[in-house]
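Student:
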Ligand code: SME
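Numbering (the working numbering), first residue to last: 3 to 148.
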């Protein structure tokens, strides 16, 4: 199965799972679980915008840092730029926050509500160069379902 096929299978399942649910934490928790199980990522989770920083939200994987400032790391950069950031080699991204030395590549997708970034979806892979435009396209679609 290709990556795109995997996302295409997952999308209606996520849509069905979230239908009628209004609690954002519950929705984030199940989206993280579905993506993590389906793709076998190293770490899959959300950071929520709380005041002027990002605070760890629902996730799957090893323990992670709990607070990230605006503009810091890949997560804070995606928040600041208000766009998805793909990092093929984490050691080449200036300011990358290494929560785990196993993490080799990363994608961070902002979650918008009424035009504002309210959270980011952060996915780490234990392999280099895991994420590309296909991930960006489908993950942006998935976070719009939240
Ligand atoms: N690497 C992220 C920090 C979060 S952990 O990967 C879960 C960053 O640079 O923002």
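Beta carbons: idealized from backbone N, C-alpha and C, even for Gly.
1. Please classify residue 22 as buried or exposed, where buried requires at least 16 neighbouring CB atoms within 10 angstroms.
2. Less than 7 Å between C-beta atoms, sequence neighbours within five positions excluded: which residues of the same chain meet that for residue 90?
3. If you follow the beta strand (DSSP E) that residue 14 is in, where does it begin and where does it stop?
4. In chain order, what residues of the same chain lie with their CB nearer than 7 Å to the CB of residue 60, ignoring the 5 residues before and after it?
5. By the three-class DSSP mapping on this structure, what secondary structure does residue 135 have?
6. Give me the Cα-Cα distance between residue 128 and residue 41, rounded to the nearest whole angstrom.
7. So does residue 99 have its beta carbon nearer than 7 Å to some heavy atom of the ligand SME?
Tutor: With the structure as the only source:
1. exposed
2. 107, 130, 131
3. Here residue 14 belongs to no beta strand (DSSP E); instead the alpha helix (DSSP H) covers 5-20.
4. Beyond the five residues adjoining it in sequence on each side, residue 60 comes within less than 7 Å, by CB distance, of 27, 30, 31, 34, 47, 48 in the same chain, given in chain order.
5. helix
6. 12 Å
7. Indeed, a heavy atom of the ligand SME lies less than 7 Å from the Cβ.
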